[in-house]
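Scroll down for the structure; my scribbles are underneath it.
Number of protein chains: 2
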Amino acid sequence: MTKTKIRNMEEFAAISGISRPTVSKYFNDPSSVRPKTRERIEAALREHTYRPNIYAVNQNRKLTKTIGIVVPLLVDPYFAEIARTLEERCIRAGYRPTLFSAHGSAAHEAEVLDNLRALKPAGVLLAPLGRTSDRAALEAFCRDVPTLIFDSSVDELGLAFVGSDNVQFTTHIADYLCRTGEPPCFFEMKTPANPNAHRRRQAYINAMESFGHTSHVVSVDGEGWGIEEIGRLGGHDALARGRFATNTVLCSNDRLAIGLLTACYERGLRVGRGPDDAIRVAGQDGHPHSRFTCPPLTTISHDYDTVSATAVSALFRAIEGSVEPWKSTRIEGKLLMRDSA
Amino acid sequence: MTKTKIRNMEEFAAISGISRPTVSKYFNDPSSVRPKTRERIEAALREHTYRPNIYAVNQNRKLTKTIGIVVPLLVDPYFAEIARTLEERCIRAGYRPTLFSAHGSAAHEAEVLDNLRALKPAGVLLAPLGRTSDRAALEAFCRDVPTLIFDSSVDELGLAFVGSDNVQFTTHIADYLCRTGEPPCFFEMKTPANPNAHRRRQAYINAMESFGHTSHVVSVDGEGWGIEEIGRLGGHDALARGRFATNTVLCSNDRLAIGLLTACYERGLRVGRGPDDAIRVAGQDGHPHSRFTCPPLTTISHDYDTVSATAVSALFRAIEGSVEPWKSTRIEGKLLMRDSA
DNA sequence: CTAAATCCTTTACGCGCGTAAATTTTTGAT
DNA sequence: ATCAAAAATTTACGCGCGTAAAGGATTTAG
Chain A
5 MTKTKIRNME EFAAISGISR PTVSKYFNDP SSVRPKTRER IEAALREHTY RPNIYAVNQN
65 RKLTKTIGIV VPLLVDPYFA EIARTLEERC IRAGYRPTLF SAHGSAAHEA EVLDNLRALK
125 PAGVLLAPLG RTSDRAALEA FCRDVPTLIF DSSVDELGLA FVGSDNVQFT THIADYLCRT
185 GEPPCFFEMK TPANPNAHRR RQAYINAMES FGHTSHVVSV DGEGWGIEEI GRLGGHDALA
245 RGRFATNTVL CSNDRLAIGL LTACYERGLR VGRGPDDAIR VAGQDGHPHS RFTCPPLTTI
305 SHDYDTVSAT AVSALFRAIE GSVEPWKSTR IEGKLLMRDS A
Chain B
5 MTKTKIRNME EFAAISGISR PTVSKYFNDP SSVRPKTRER IEAALREHTY RPNIYAVNQN
65 RKLTKTIGIV VPLLVDPYFA EIARTLEERC IRAGYRPTLF SAHGSAAHEA EVLDNLRALK
125 PAGVLLAPLG RTSDRAALEA FCRDVPTLIF DSSVDELGLA FVGSDNVQFT THIADYLCRT
185 GEPPCFFEMK TPANPNAHRR RQAYINAMES FGHTSHVVSV DGEGWGIEEI GRLGGHDALA
245 RGRFATNTVL CSNDRLAIGL LTACYERGLR VGRGPDDAIR VAGQDGHPHS RFTCPPLTTI
305 SHDYDTVSAT AVSALFRAIE GSVEPWKSTR IEGKLLMRDS A
């Protein structure tokens with residue numbers, strides 16, 4: 005490993021004894037050159053460290069090998085986790101993923117998309133903020149860049165949508181709760197940022213009706229992404245004013261549930277499904293932290309692997325030229341039965 | 005807003021009535037052209053949407069405007085939060101931050117640095133994995149790229165180090181615990197990934213000695229970044245075998261404490277500082293989740309703002325040519341007194 | 001062994017912009 | 001109005017690589 009520094013492809017081509025255009029061909033697709041040629045190049049690569057200048061490369065390509073991944077809030081471990089799995093799959097497919105977070109703000113989201121456009125990415129995996137998103141900005145972006153929407157659906161936007169089946173989520177866990185105790189109330193934010201929340205509320209109402217129970221939706225105030233605190237404050241309020249009609253609460257998402265658990269603790273309410281427990285609490289999302297709440301949170305988990313695999317493969321099909329009608333794919337979740345409900 | 009599409013700077017210059025070199029000058033530093041000229045360019049910019057091609061720009065610059073931010077594990081909200089504040093400061097300073105995570109693996113970390121090198125960043129803010137990092141790879145990288153190390157110190161590596169004052173962290177919270185109840189035991193991983201853990205253990209031992217108490221270190225097995233689970237399993241073991249000599253446990257970090265809280269819950273042990281509580285548990289880090297554990301976790305919080313401000317400003321000084329001797333800056337933390345201890 | 005097909009080489013141009021040098025225009029103070 | 005300084009313009013080259021065209025070399029099929 006002499007590891008001589010090479011300045012450009014010209015020099016590297018000279019050293020490897022191959023012409024520059026052929027070397028260029030190799031870097032764009034190693035299998036496009038004859039095995040013997042390929043071996044000579046790779047031998048030179050072992051001796052001397054050289055990588056094509058990505059700026060020069062991208063300047064002369066219509067489509068870059070960059071994939072943008074945009075999530076609304078990277079501080080939320082749920083998004084961090086899904087971003088991680090997406091990233092990994094992109095790398096394995098030979099692309100260069102770049103990660104962005106809107107940090108919960110629509111202005112940031114628009115700015116991120118603007119910067120992303122300048123990167124001329126081959127494609128983008130976008131989880132929109134939701135309600136607060138600048139819809140026009142999203143549409144304009146999707147017209148210019150092959151974009152696959154995930155997590156939070158926006159009708160007919162982009163190439164396709166891949167996310168979790170919120171109706172199945174809520175129906176499934178509501179069914180579980182009904183079968184194992186009192187029918188659940190539904191605990192949610194009054195003005196959720198994410199459209200999934202509306203699907204979940206409606207699914208709850210429908211499920212309760214089909215099970216022959218009355219539905220009780222408890223909506224609490226609060227704006228923004230400090231969801232645990234909204235759940236805690238709203239939980240205190242709901243508990244103090246007896247707004248939960250039964251001893252079982254199904255939360256719209258895990259972060260809200262975590263806040264509610266804190267409120268229960270602060271009020272001395274024992275949470276769980278034992279005979280001495282005062283209230284059952286369940287969440288939805290399979291948040292990485294849900295295993296470690298006290299008590300561990302019963303929830304329904306996203307199928308991270310299937311969601312990311314489906315999203316990435318749909319995007320790659322589009323990048324490679326396949327034209328398919330807009331389609332929404334929703335992946336079922338798996339119930340995680342734990343001690344909280 | 006006619007928003008005509010412009011193909012290149014040549015076209016844009018023609019439209020704005022200014023020569024291309026001057027327009028180029030403007031984009032590199034708007035204040036470097038005469039106010040009247042600047043106004044004409046910005047007027048054209050309002051009419052027609054145009055941004056210089058970043059690939060062509062970066063090809064012809066020695067140093068790009070890119071800043072790399074590398075953290076060991078983005079799924080950990082602590083790192084996500086610090087990354088967010090760093091990102092924001094870079095943007096405000098006119099740079100383009102790009103975020104990377106080593107996903108807890110040294111191989112990934114080396115790969116990230118390799119890709120980063122190809123981006124020719126103006127500078128890098130790097131939080132190394134720690135013990136498992138490929139030290140040689142880090143050193144090689146720091147020779148090529150102006151790199152500021154944060155969070156996890158590596159002696160004399162890069163431009164400088166900025167992080168939290170682990171000694172102050174542990175001393176301060178140990179003091180608090182001693183003054184308000186039984187002296188704490190120290191709960192940690194036997195082979196922690198992060199060197200901060202060693203400083204904290206040593207600070208604990210020193211603090212206990214100076215306070216006139218015996219120190220009790222409980223080290224538990226477990227590898228990797230599933231720290232809550234390690235804390236939970238290790239907690240069960242320590243509790244079952246009576247390894248905690250007092251009723252107070254200071255954990256090496258919040259994630260471990262969160263796992264221990266779960267173990268306590270699962271064993272029916274009441275955590276808190278009330279007369280009916282069996283055990284006090286404290287953490288260290290001010291993890292975003294610590295407010296919502298049950299009970300809320302007493303901990304000592306990183307000063308995210310000061311750490312990120314110090315780190316970013318030190319990097320920018322170096323980028324702008326200031327040569328300063330290697331220096332380690334350690335920021336004090338703030339005690340968050342909550343119910344767990 | 002010959003012909004056809006494949007792969008490589010040479011040559012050449014272009015991408016969009018940074019940047020330097022020489023020249024012209026504008027500015028601001030006298 | 002005069003003149004030096006400041007700023008803009010013109011001209012020109014180079015960055016590192018993609019890519020096309022034409023011809024030569026090598027491989028594969030028959």
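Same order as they appear, the protein sequences are chains A and B.
Each residue of the first sequence is one higher than the one before, counting from 5 in our numbering.
Each residue of the second sequence is one higher than the one before, counting from 5 in our numbering.
Using N, Cα and C, we set each Cβ at its ideal position, and we do this for glycine too.
Beta-carbon neighbours of residue i, restricted to chain A and to distances below 8 Å
{"i": "glutamine 172 (chain B)", "result": "Chain A residues near glutamine 172 (chain B): none, gap ~26 Å exceeds 8 Å."}
{"i": "arginine 88 (chain B)", "result": "Leu78, Val79, Ser105, His107"}
{"i": "arginine 247 (chain B)", "result": "Under the 8 Å cutoff, chain A gives no residues; its nearest Cβ is about 21 Å from arginine 247 (chain B)."}
{"i": "leucine 265 (chain B)", "result": "Phe296, Cys298"}
{"i": "glutamate 85 (chain B)", "result": "Val79"}
Closer than 7 Å at the beta carbon, the chain A residues around residue i
{"i": "proline 81 (chain B)", "result": "Val79, Pro81"}
{"i": "alanine 122 (chain B)", "result": "Arg55, Ile58"}
Close-in-space but distant-in-sequence residues of the same chain around residue i (CB under 6 Å, 5 per side omitted)
{"i": "methionine 236 (chain A)", "result": "As written in the sequence, residue 236 (chain A) is arginine, which differs from the methionine given in the question. So the qualifying residues of the chain are Gly263, Thr266, Ala267."}
{"i": "glutamate 160 (chain B)", "result": "Trp330"}
{"i": "isoleucine 153 (chain A)", "result": "Leu130, Leu161, Gly162, Phe165"}
{"i": "glutamate 336 (chain B)", "result": "Asp169, Gln172"}
{"i": "glutamate 270 (chain B)", "result": "none"}
{"i": "tyrosine 30 (chain A)", "result": "Val37, Ile45"}
{"i": "phenylalanine 16 (chain B)", "result": "Ile10, Tyr54"}
{"i": "asparagine 198 (chain A)", "result": "Gly134, Ser156"}
{"i": "arginine 204 (chain B)", "result": "Asn170, Thr174, Ser256"}
Cutoff 7 Å; reference residue i; Cβ partners in own chain excluding five residues on either side
{"i": "isoleucine 22 (chain A)", "result": "Thr41, Arg44, Ile45"}
{"i": "glutamate 91 (chain A)", "result": "Ile73, Pro101, Leu103"}
{"i": "leucine 339 (chain A)", "result": "His176, Ile177, Tyr180, Ile304"}
{"i": "glycine 185 (chain B)", "result": "Thr252, Arg277, Arg284"}
{"i": "alanine 141 (chain B)", "result": "Ala114, Leu117"}
{"i": "glutamate 143 (chain A)", "result": "Leu161"}
Cβ-based burial, residue i [other Cβ within 10 Å; buried from 16]
{"i": "aspartate 225 (chain B)", "result": "exposed"}
{"i": "asparagine 32 (chain B)", "result": "exposed"}
{"i": "alanine 261 (chain A)", "result": "buried"}
{"i": "proline 300 (chain B)", "result": "buried"}
{"i": "asparagine 200 (chain B)", "result": "buried"}
{"i": "alanine 47 (chain A)", "result": "exposed"}
{"i": "arginine 245 (chain A)", "result": "exposed"}
{"i": "valine 327 (chain A)", "result": "exposed"}
{"i": "aspartate 148 (chain A)", "result": "exposed"}
{"i": "glycine 325 (chain B)", "result": "exposed"}
{"i": "glycine 98 (chain B)", "result": "exposed"}
{"i": "glycine 272 (chain A)", "result": "exposed"}
{"i": "arginine 274 (chain B)", "result": "exposed"}
Where residue i meets chain B, residues with beta-carbon distance less than 8 Å
{"i": "alanine 60 (chain A)", "result": "Tyr59, Gln63"}
{"i": "arginine 236 (chain A)", "result": "Phe296"}
Chain B residues whose Cβ lies nearer than 7 Å to that of residue i
{"i": "glutamate 232 (chain A)", "result": "Phe296"}
{"i": "isoleucine 283 (chain A)", "result": "Within chain B, no residue comes near isoleucine 283 (chain A); the closest Cβ sits about 13 Å away, beyond 7 Å."}
{"i": "threonine 102 (chain A)", "result": "Thr102"}
{"i": "histidine 293 (chain A)", "result": "His293"}
{"i": "isoleucine 262 (chain A)", "result": "Phe296"}
{"i": "arginine 96 (chain A)", "result": "By Cβ distance, chain B contributes nothing, its closest Cβ being about 12 Å from arginine 96 (chain A), past 7 Å."}
{"i": "tyrosine 269 (chain A)", "result": "Cys298, Pro299"}
Presumed contact (8 Å Cβ cut-off) between residue i and residue j, rounded CB distance
{"i": "alanine 207 (chain A)", "j": "threonine 175 (chain A)", "result": "5 Å"}
{"i": "leucine 254 (chain B)", "j": "alanine 286 (chain B)", "result": "5 Å"}
{"i": "valine 79 (chain A)", "j": "proline 81 (chain B)", "result": "6 Å"}
{"i": "serine 312 (chain B)", "j": "arginine 93 (chain B)", "result": "6 Å"}
{"i": "glutamine 288 (chain B)", "j": "aspartate 241 (chain B)", "result": "Rounded, the Cβ-Cβ distance is 21 Å, inconsistent with contact."}
Beta-carbon proximity list for residue i, same chain, < 8 Å, skipping 5 on both sides
{"i": "serine 137 (chain B)", "result": "Ala110, Glu113, Val158"}
{"i": "methionine 341 (chain A)", "result": "Tyr180, Thr302"}
{"i": "proline 196 (chain A)", "result": "Gly134, Arg135, His202, Ser256"}
{"i": "glutamate 85 (chain B)", "result": "Pro292, Tyr308"}
{"i": "histidine 217 (chain B)", "result": "Cys182, Pro187"}
Cross-chain neighbours of residue i in chain A, by beta carbon under 9 Å
{"i": "arginine 93 (chain B)", "result": "What arginine 93 (chain B) touches in chain A: nothing, since even the nearest Cβ is about 13 Å away."}
Open item on the list: For the structure I just gave you, are there three or more beta carbon pairs, one from the stretch 106-121 of chain B and one from the stretch 314-331 of chain A, closer than 8 Å?
Closed with: No contact exists between the stretch 106-121 of chain B and the stretch 314-331 of chain A.
Open item on the list: Using 8 Å as the cut-off, can you tell me whether the stretch 10-22 of chain B makes contact with the stretch 64-72 of chain B, which would need three or more C-beta pairs spanning the two stretches below that distance?
Closed with: No, they do not touch.
Open item on the list: Check whether the stretch 209-221 of chain A and the stretch 189-200 of chain A are in contact - that is, three or more C-beta pairs closer than 8 Å.
Closed with: The stretch 209-221 of chain A vs the stretch 189-200 of chain A: in contact.
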